[in-house]
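Number of protein chains: 2
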Amino acid sequence: MTARSSSAFNEATEVPEVVVERLPQYVRALTRLSQQGVAVVSSQQLGDLIQVTPAQIRKDLSYFGRFGKQGRGYSVKYLLGELRRILGLDREWRVGLIGVGRLGRAILSYPGFAPEGFKIVAAFDADPRQVGQMVAGIMVQPMHRLGEAVHELGIGIAIVAVPASQVQEVVDQLVACDVRAIVNYAPVTAQVPSLVRVRNIDPVMALQSMTYYLTTPQGSTRTGGK
Amino acid sequence: MTARSSSAFNEATEVPEVVVERLPQYVRALTRLSQQGVAVVSSQQLGDLIQVTPAQIRKDLSYFGRFGKQGRGYSVKYLLGELRRILGLDREWRVGLIGVGRLGRAILSYPGFAPEGFKIVAAFDADPRQVGQMVAGIMVQPMHRLGEAVHELGIGIAIVAVPASQVQEVVDQLVACDVRAIVNYAPVTAQVPSLVRVRNIDPVMALQSMTYYLTTPQGSTRTGGK
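Line by line, the protein sequences are chains A and B. Position 127 of the first sequence, counting from 1, maps to 127 under the working numbering, and the rest follow consecutively. Position 21 of the second sequence, counting from 1, maps to 247 under the working numbering, and the rest follow consecutively.
1. Look up MET360 of chain B in the DSSP assignment and give the residues it is bridged to.
2. Closest to VAL170 of chain A by C-alpha separation, out of A:HIS151, A:GLY154, A:SER194 and A:HIS144, would be which residue?
3. Going by the CB atoms, is the gap between ILE159 of chain A and VAL135 of chain A shorter than 9 angstroms?
4. Candidates A:GLU14, A:THR216, A:PHE118 and A:GLN173: which alpha carbon is nearest MET431 of chain B's?
5. Classify ARG199 of chain A as buried or exposed, calling it buried when 16 or more other Cβ atoms lie within 10 Å of its own Cβ.
6. Just curious, the beta strand (DSSP E) that GLY299 of chain B is in, first and last residue?
7. Across the region 26-34 of chain A and the region 44-64 of chain A, are there enough close Cβ pairs to call them in contact, namely three or more that are closer than 8 angstroms?
8. Closer than 8 angstroms by C-beta to ALA39 of chain A: which residues in its own chain qualify, once you throw out the five before and the five after it? Chain order, please.
9. Anyone know if the C-beta pair for ILE98 of chain A and ALA161 of chain A falls short of 9 angstroms?
10. Based on Cα-Cα distance, which residue from B:SER435, B:ALA416, B:GLU318 and B:LEU440 lies nearest to PRO389 of chain B?
11. Assign GLY154 of chain A to one of three DSSP states: helix, strand, or coil.
12. I need the straight-line Cα distance from ALA149 of chain A to TYR439 of chain B, nearest angstrom please.
13. Between which two residues does the beta strand (DSSP E) containing LEU97 of chain A stretch?
14. Can you tell me whether LYS59 of chain A is buried or exposed, with buried defined as 16 or more other CB within 10 angstroms of its CB?
15. So the alpha helix (DSSP H) ILE201 of chain A belongs to, where does it begin and stop?
16. Could you name the residues of the region 53-66 of chain A whose beta carbon sits closer than 7 angstroms to any beta carbon of chain B, in the order they occur along the chain?
17. Sort out for me which residues DSSP pairs VAL470 of chain B with in a bridge.
18. Quick one: using the 10 Å Cβ neighbour count with 16 as the cut-off for buried, is PRO413 of chain B buried or exposed?
19. For ASP125 of chain A, does the three-state DSSP call read helix, strand or coil?
20. Could you tell me how far apart the beta carbons of ARG94 of chain A and LEU153 of chain A are, in whole angstroms, since I believe they sit closer than 8 angstroms?
21. Taking 9 angstroms as the threshold (C-beta atoms), are SER42 of chain A and PRO54 of chain A in contact?
22. At least one CB of chain B closer than 9 angstroms to the CB of SER109 of chain A: is that the case?
23. So, is the C-beta of GLY224 of chain A closer than 9 angstroms to a C-beta in chain B?
24. Starting from the Cα of GLU240 of chain B, find the closest Cα among B:PRO250, B:PHE290, B:LYS295 and B:ILE283 and give me that residue.
25. Give the secondary structure of GLU14 of chain A by DSSP, where H, G and I count as helix, E and B as strand, and everything else as coil.
26. Contact check, VAL401 of chain B vs PRO419 of chain B under 8 angstroms by CB: the rounded distance?
27. Cutting at 8 angstroms between CB atoms, please list the residues of its own chain near GLU91 of chain A, excluding the five before and the five after it.
28. Could you please tell me which residues of the region 241-253 of chain B, in chain order, have their CB closer than 9 angstroms to any CB of chain A?
29. Return the residue from the list A:ALA126, A:GLY137 and A:PHE67 that minimises the CA-CA distance to LEU146 of chain A.
30. Give the residues of chain A in contact with ARG425 of chain B, contact being defined as C-beta atoms less than 9 angstroms apart.
31. Would you verify that the beta carbon of TYR411 of chain B is, or is not, closer than 9 angstroms to some beta carbon of chain A?
32. Under 9 angstroms between beta-carbons, which chain B residues line up against PHE118 of chain A? List them in chain order, please.
33. Quick one: is LEU421 of chain B buried, meaning 16 or more other Cβ sit within 10 Å of its Cβ, or exposed?
34. Run down chain A in chain order and give the residues with a C-beta less than 7 angstroms from the C-beta of GLY314 of chain B.
35. Secondary structure at GLY81 of chain A, three-state DSSP: helix, strand or coil?
36. For GLY156 of chain A and chain B, any beta-carbon pair shorter than 9 angstroms?
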């Protein structure tokens, strides 16, 4: 999976991917605390925010170093800064969008990416009718421009918003252009080499976390515990 | 990970929403164990699978009752069955899809919902050109049929795949029809009453969990370790 090689970290430790996937939640909670002017947070308090035990928080963070002194809590600003640095969120990432259909257009217009450091700098579509159009200030380019644009613009991440039937082909093209991080919106799983990360939007998990509320009368309590 | 809830915590219910949101991960891990023929799992082993401490697992599960005997582990089959029952996954859910554009069509054709108990039984679109078309065996209906169809077909959940600009209007219509669980694919947040759950597809969190790998040398490219 991955290994830190900086001397600040334990070189032998591979960080499990599920731990990496949790860190953005920590960043979100710490950002909120920081905005509220909170200077120091205990693992208990941080855990309450994201409903994780203090031990879990300490274990997750231990993969990356030591961030607090026993019994004194974490400096919100320092921990947030370190986690952002570790996750690579302290810089701007240039993102390419593939597929400028309805969803792609909504993604291009979404105001939530740029403040988080993800700047969509190029858009591509296989449909000649889309090519040349301006969408949210970006001109749609043909797919054959992908490789050149990725290298010229320093695109490190792609968002794929093409129909399911086209996903594997598009992902293959991205991989061939050295793009190693892909968010895929279509409900299919693409095959990629092990060095490439794909995050599929997973609607089943989203559905599975809501049926609880349809099953459990609101305000009623435990459903198990005898 | 890919979906975020509209509120982190609902005070009306005893179980924190973030705990409910984690349970599908438990279900997925237990399903895998069950398929492998594993009969009993300790909280340590289960925790290893999803990289959660044993204490966290015990705490999460304690909201719902007692599922194992101290020192004897959990019966995989029993715990899986109970969690599926608690989450309401032991029945079929009828799902309505709103928006039959490119994304909506991909969702209708996705083979991953039905095996998990989510059956898309109706599709709706505001565009008269879509209405009457058959997509993946389902005839697209006009939006004014929504209320009737929801009640006739027992639709409890909606998947919204409309352009961002139409999301709030569609969500309002769904809420008016008593749909209380909505997955929204567009990158905007809809306002809903507190009894309604919305899971937004959250591309920022997905992006934030990948930049780690772009920042950190890994695998064969791991040349930085001195």
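We put the beta carbon where it would ideally sit given N, CA and C, even for glycine.
Let me lay it out:
1. Translated into positions along the second sequence, residue 360 of chain B becomes position 134. In DSSP, MET360 of chain B forms a bridge with B:MET365.
2. Residue numbering aside, residue 170 of chain A sits at position 170 when the first sequence is read from its first letter. Closest by alpha carbon: A:HIS144.
3. Locating residue 135 of chain A in the first sequence gives position 135, counting from the first residue. Locating residue 159 of chain A in the first sequence gives position 159, counting from the first residue. No, Cβ-Cβ distance for VAL135 of chain A and ILE159 of chain A is not below 9 angstroms.
4. Within the second sequence, residue 431 of chain B is the residue found at index 205, counting from 1. Selected option, being the one with the closest Cα: A:PHE118.
5. The count along the first sequence starts at 1 and reaches residue 199 of chain A at position 199. Under this definition ARG199 of chain A is a buried residue.
6. The residue you call residue 299 of chain B lines up with position 73 of the second sequence. Note, GLY299 of chain B: beta strand (DSSP E), 299-301.
7. Output reads yes: the region 44-64 of chain A touches the region 26-34 of chain A.
8. Residue 39 of chain A sits at position 39 when you count from the first residue of the first sequence. The beta carbon of ALA39 of chain A lies closer than 8 angstroms to those of SER75, VAL76 and LYS77 in the same chain, with the five residues before and after it left out.
9. The sequence position of residue 98 of chain A within the first sequence is 98, counting from 1. The sequence position of residue 161 of chain A within the first sequence is 161, counting from 1. In contact: ILE98 of chain A and ALA161 of chain A (Cβ atoms closer than 9 angstroms).
10. Locating residue 389 of chain B in the second sequence gives position 163, where the first residue counts as 1. For PRO389 of chain B, the nearest C-alpha among the options comes from B:ALA416.
11. The residue given as residue 154 of chain A occupies position 154 in the first sequence. The three-state secondary structure of GLY154 of chain A, taken from DSSP, is coil.
12. Here residue 149 of chain A refers to the residue found at position 149 when the first sequence is read from its first residue. Here residue 439 of chain B refers to the residue found at position 213 when the second sequence is read from its first residue. Cα to Cα, the separation comes out at about 22 angstroms.
13. Indexing the first sequence from 1 puts residue 97 of chain A at position 97. From DSSP, the beta strand (DSSP E) with LEU97 of chain A extends over 93-98.
14. Taking the first residue of the first sequence as 1, we reach residue 59 of chain A at position 59. Its Cβ being crowded by 16 or more others within 10 Å, LYS59 of chain A is buried.
15. In the first sequence, counting from the first residue as 1, residue 201 of chain A sits at position 201. First-last for ILE201 of chain A: undefined, no H or E at that position.
16. THR53, ALA55, GLN56 and LYS59
17. Only positions 227 to 452 of chain B appear in this structure, which leaves residue 470 of chain B out of reach.
18. Working through the second sequence from its first residue, we reach residue 413 of chain B at position 187. PRO413 of chain B counts as buried, since at least 16 other C-beta atoms from the protein chains shown sit within 10 angstroms of its C-beta.
19. By one-based count along the first sequence, residue 125 of chain A stands at place 125. In this structure, ASP125 of chain A counts as strand in the three-state DSSP scheme.
20. Your numbering for residue 94 of chain A matches position 94 in the first sequence. Your numbering for residue 153 of chain A matches position 153 in the first sequence. Contact annotation, ARG94 of chain A with LEU153 of chain A: C-beta distance approximately 6 angstroms; criterion of less than 8 angstroms satisfied.
21. For the purposes of this step, residue 54 of chain A is taken as the residue at position 54 of the first sequence. For the purposes of this step, residue 42 of chain A is taken as the residue at position 42 of the first sequence. Closer than 9 angstroms, so yes.
22. Translated into positions along the first sequence, residue 109 of chain A becomes position 109. Yes - at least one Cβ of chain B is within 9 angstroms of the one on SER109 of chain A.
23. Locating residue 224 of chain A in the first sequence gives position 224, counting from the first residue. Low per-residue confidence applies at GLY224 of chain A: pLDDT is 40, beneath 50, and the placement is therefore not dependable, though the value from the model is reported in the following sentence. Answer yes: the Cβ-Cβ gap between GLY224 of chain A and chain B drops below 9 angstroms somewhere.
24. Walking along the second sequence from the start, residue 240 of chain B turns up at place 14. The residue with the shortest Cα to Cα distance from GLU240 of chain B is B:PHE290.
25. By 1-based counting over the first sequence, the position of residue 14 of chain A is 14. In this structure, GLU14 of chain A counts as strand in the three-state DSSP scheme.
26. If you number the second sequence from 1, residue 401 of chain B lands on position 175. If you number the second sequence from 1, residue 419 of chain B lands on position 193. Confirmed, Cβ separation roughly 6 angstroms.
27. Here residue 91 of chain A is taken as the residue at index 91 of the first sequence, counted from 1. Per the sequence presented here, residue 91 of chain A reads as Arg, with Glu not at that position. For ARG91 of chain A, where only same-chain residues beyond five positions count, the Cβ hits under 8 angstroms are GLY117.
28. VAL241, PRO242, GLU243, VAL244, VAL245, VAL246, GLU247, ARG248, LEU249, PRO250, GLN251 and VAL253
29. Stepping through the first sequence from its first residue, residue 146 of chain A is reached at position 146. Checked all of A:ALA126, A:GLY137 and A:PHE67; the closest Cα to LEU146 of chain A is A:ALA126.
30. Sequence index remark: in the second sequence, residue 425 of chain B carries index 199 (1-based). Neighbours of ARG425 of chain B on chain A, chain order: PRO203, MET205, ALA206, LEU207, SER209 and MET210.
31. Position 185 of the second sequence, counted from the first residue, corresponds to residue 411 of chain B. Interface residue, yes.
32. Working through the first sequence from its first residue, we reach residue 118 of chain A at position 118. Chain B residues near PHE118 of chain A: PRO429, VAL430, LEU433, GLN434 and THR437.
33. Working through the second sequence from its first residue, we reach residue 421 of chain B at position 195. By the 10 Å Cβ count, LEU421 of chain B comes out exposed.
34. Translated into the one-based positions of the second sequence, residue 314 of chain B becomes position 88. Close partners of GLY314 of chain B in chain A (Cβ separation under 7 angstroms): THR211, TYR212, LEU214 and THR215.
35. Working through the first sequence from its first residue, we reach residue 81 of chain A at position 81. In the structure shown, GLY81 of chain A sits in a helix (DSSP, three-state: H, G or I).
36. Here the question's residue 156 of chain A lines up with position 156 in the first sequence. Yes, its Cβ sits closer than 9 angstroms to a Cβ of chain B.
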